[in-house]
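Start counting the sequence shown at 123; every next residue gets the next number (this note's numbering).
Each residue gets a CB set at the ideal place from its N, CA and C atoms; glycine is no exception.
Being a predicted model, the structure only gives us computed values, none of them experimental.
Each remark here refers to the structure printed beneath this line.
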Amino acid sequence: MPDDGVRVEIADAVATITLDRPDALNALTIPMKEALARTFEELAADRTVRAVILTGAGRAFCAGQDLRERLEPGAAPIGEEVRLRYNPIVRAMRGLPKPIVGAINGVAAGAGASLAFACDLRIAAEGASFVLAFGRIGLIPDSGATWTLPRLVGLAKAFEMALLNDPLSAADAERVGLVSKVVKADALMDEARAMGARLAAGAPAALAETKRLLSAGLSSDLEAALAAEAEAQDRLGRAHDHAEGMAAFIEKRTPRFTGE
Ligand code: T3D
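Rendered as structure tokens:
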């Protein structure tokens with residue numbers, strides 16, 4: 123396997139993606155970004171995978187763009203890099219018809235924070251933090267952060283984080299709703315796997331539609347949301363998994379969802 127700095131393990135219908143350049147705090151290089159986008163695209167098509175965990179190796183989640191690589195002669199102009207290699211990752215994550223749990227093991231900075239924001243759920247280790255950092259090097263928050271962050275924490279907190287670039291601790295992230303839970307570092311992956319297992323046991327099509335409609339709902343009007351919900355329920359209501367969920371309720375047993 124190529125050492126592109128991205129490790130993928132699949133077990134019990136949950137794929138765990140680990141950003142794996144711990145010596146550089148998992149800062150993103152071109153091979154990593156390409157591998158990440160490719161991985162999310164492959165997982166979208168893999169019917170054996172029902173949930174995804176994204177985490178980092180070592181003491182950081184991800185320090186964003188590898189700034190040493192950016193200073194190399196011949197590096198692409200920043201806008202081009204964003205269009206070519208960052209935006210596809212964020213599109214693939216938000217478009218992935220499966221839930222993504224961010225297991226935020228340490229600092230998430232710059233585009234690393236943006237990746238955390240692009241997850242559907244986040245659990246953080248006690249020492250983790252989120253720092254936009256872009257402003258410190260004269261850039262704006264990218265990789266979807268101007269879209270995701272205000273939706274997650276509200277405009278006031280997003281302004282504070284983006285303009286002041288102070289780190290938001292895990293405890294404060296939980297307080298503002300950015301993370302669902304803060305746990306001890308050594309419990310993080312067990313918690314993430316438990317959440318992944320719960321999601322993987324859910325009805326896949328319903329989870330996919332929920333993700334799609336919650337994302338779309340924030341930028342649509344009420345009438346459009348009502349119509350989209352009815353249309354999705356039409357499809358889901360005719361599917362095997364709905365009948366299975368109903369039968370399981372009546373029979374007082376755990377449903378076995380198949381994605382059909
Ligand atoms: O293509 C484009 O440029 C456009 C896209 C932009 C997207 C972006 O992500 S822009 C923002 C880039 N990221 C940053 O500006 C964050 C830079 N890093 C930091 O601010 C700090 O390192 C952290 C707050 C993340 C952590 O601080 P700390 O004190 O815990 O660790 P440290 O000592 O600063 O870093 C440890 C090592 O990781 C160190 O290497 P060394 O000296 O031990 O050999 C440091 O240089 C390296 N490292 C940390 N961040 C990066 C990095 N190396 C390369 N790139 C990094 N982003």
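Item to check | Buried/exposed call for M154, threshold 16 Cβ in 10 Å | outcome: buried
Item to check | Distance, N148 Cα to L254 Cα | outcome: 16 Å
Item to check | Straight-line Cα distance separating G232 from D264 | outcome: 8 Å
Checklist entry - What residue range is occupied by the uninterrupted beta strand (DSSP E) comprising K303? => result K303 to V305
Checklist entry - Would the beta-carbon of A159 fall within 9 Å of that of I211? => result yes
Item to check | Any non-hydrogen atom of the ligand T3D closer than 8 Å to A233 Cβ | outcome: yes
Next on the checklist: Going by beta-carbon coordinates alone, are R192 and L321 separated by less than 9 Å?
Outcome noted: no
Next on the checklist: Please classify E194 as buried or exposed, where buried requires at least 16 other C-beta atoms within 10 Å of its C-beta.
Outcome noted: exposed
Next on the checklist: Taking the alpha-carbon of I262 as reference, which of G186, E331, L348 and R378 has the nearest alpha-carbon?
Outcome noted: G186
Checklist entry - Looking at the structure shown, is G381 part of a helix, part of a strand, or coil, going by DSSP? => result coil
Checklist entry - Between the segment 237 to 255 and the segment 282 to 292, do three or more beta carbon pairs fall short of 8 Å? => result yes
Checklist entry - G224 lies in the beta strand (DSSP E); which residues open and close that run? => result I222 to I226
Next on the checklist: Within 10 Å of its beta-carbon, does L340 have 16 or more other beta-carbons around it, so buried, or fewer, so exposed?
Outcome noted: exposed
Checklist entry - From this set, A327, R129 and L329, which residue's C-alpha is nearest F162's C-alpha? => result R129
Next on the checklist: Which residue wins for smallest C-alpha separation from R169, given the options V136, M215 and T376?
Outcome noted: V136
Checklist entry - Contact check, L141 vs A179 under 8 Å by CB: the rounded distance? => result 7 Å
Item to check | Uninterrupted alpha helix (DSSP H) stretches inside the segment 178 to 235 (no shorter than 4 residues) | outcome: 189 to 192, 200 to 203 and 209 to 217
Next on the checklist: Does P202 pass the burial test, meaning 16 or more other C-beta atoms within 10 Å, or should it be called exposed?
Outcome noted: Residue 202 is actually Glu in this sequence, not Pro. Answer is exposed; the Cβ neighbour count stays below 16.
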